[in-house]
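S.K.: When you line the sequence shown up against mature numbering (1 follows the signal peptide of the UniProt record, and there is no 0), it's residues -24 to -1, 1 to 205, in that order. Cβ atoms here follow ideal geometry from the backbone N, Cα and C, with glycine treated the same way. Predicted, not measured: the structure shown is a model, and the values here were computed from it. Let me give you the structure first, and then I'll get to my questions.
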Amino acid sequence: MSGQTRRAFLASALMGGAALAAWAATPTRLLAAGRPAAALSAQLPQAFGAWRVDEGAARQVVNPQQQSELARIYADTLSRVYVNDEGQRIMLSLAYGRDQRDGMELHYPEVCYPAQGFREQAARDATLALPGRQMPVRELFMTLGGYRREPVTYWSLVGDEVVRGRRSKKMAEMAYGLSGVVPDGLLFRVSSIGPDDAASYALHHDFVHALYGALDESARDRFFGRAHG
């Protein structure tokens, strides 16, 4: 075998090995395949504590995306408005996607609200303390014209991991990918309409605490991420 032929053979072998390694490293197993088949609406109670679904108010929930786009990205969505005994209302919106690879990722409120004309007036990271969990959440203050002020609290999951921000999200996706797994994704958003954003965020926390207390451990892991430690 000549030197030139040997070099060509080695180059071909290296390229073949690189292609094989890339194929082997490409995640193919959907984490969603092992999830319960129940719809989001069946997994969250219609009433808990002082809260119950307000059947006539679902139109208040922001949902700027076209139905075709929702169907392409998400396997399931849920929008509800809950009201408590004092007449206070919380808008709940969930979006679940089976595949978090590029082009199929969750769309976040920072994108969805401006698409419907809202302006982001403030944004900050916060922590929601729950029994056995410290939830990293994002708090936004959105306005529409001069008449609607909507404080928003949300978090997202990649697989079973709560993530906040692009870096945290990508790290979780990489960790799953190294195990050959394609993670699913869940966006959990609560919001309310009112002039006092501090009081609204406190109301959001009260609502989430009450909901958390009404769920069994498997549902808590599903919507709040798997507890560690």
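1. Tell me, to the nearest whole angstrom, how far the beta carbon of Leu163 is from that of Leu82; I am working on the premise that it is less than 8 Å.
2. Can you tell me whether Glu137 is helix, strand or coil according to DSSP?
3. On the three-state DSSP scale, how would you describe Ala148?
4. Let me know if Met147 comes out buried or exposed under the rule of 16 or more other beta-carbons within 10 Å of its beta-carbon.
5. Can you find the residues in the same chain that come closer than 6 Å, C-beta to C-beta, to Leu54, ignoring five residues on each side of it along the sequence?
6. Kindly indicate which residue of Arg74, Asp30 and Ser132 has the alpha-carbon position closest to the one of Ser56.
7. Drop a sphere of 10 angstroms on the beta-carbon of Tyr58, count the other beta-carbons inside from all chains shown, and report buried for 16 or more, exposed for fewer.
8. Would you tell me roughly how many angstroms separate the C-alpha atoms of Phe117 and Val87, rounded to the nearest one?
9. Three-state secondary structure (DSSP) at Ile169?
10. CA-CA distance, Phe(-16) and Pro3?
11. Nearest CA to the CA of Asp75: which residue from Gly153, Glu193, Glu96 and Ala26?
12. Roughly how many whole angstroms lie between the Cα atoms of Pro127 and Glu115?
13. Which residue marks the beginning of the alpha helix (DSSP H) containing Leu20, and which one marks its end?
14. Check for me: the alpha helix (DSSP H) holding Phe199 runs from which residue to which?
15. Classify Ser155 as helix, strand or coil using the three-state DSSP reduction.
M.R.: So, from the listed chains and residues:
1. 5 Å
2. strand
3. helix
4. exposed
5. Leu16, Ser17 and Leu70
6. It should be pointed out that residue 56 corresponds to Arg in this sequence rather than to Ser. Looking at the Cα atoms, Asp30 is the closest of the given residues.
7. buried
8. 13 Å
9. coil
10. Low confidence applies here, because Phe(-16) scores a pLDDT of 46, under 50, leaving its location unreliable; read the following figure in that light. So the two alpha carbons sit approximately 29 Å from each other.
11. Gly153
12. 7 Å
13. From DSSP, Leu20 is part of no alpha helix (DSSP H); its letter is neither H nor E.
14. Glu193 to Phe200
15. coil
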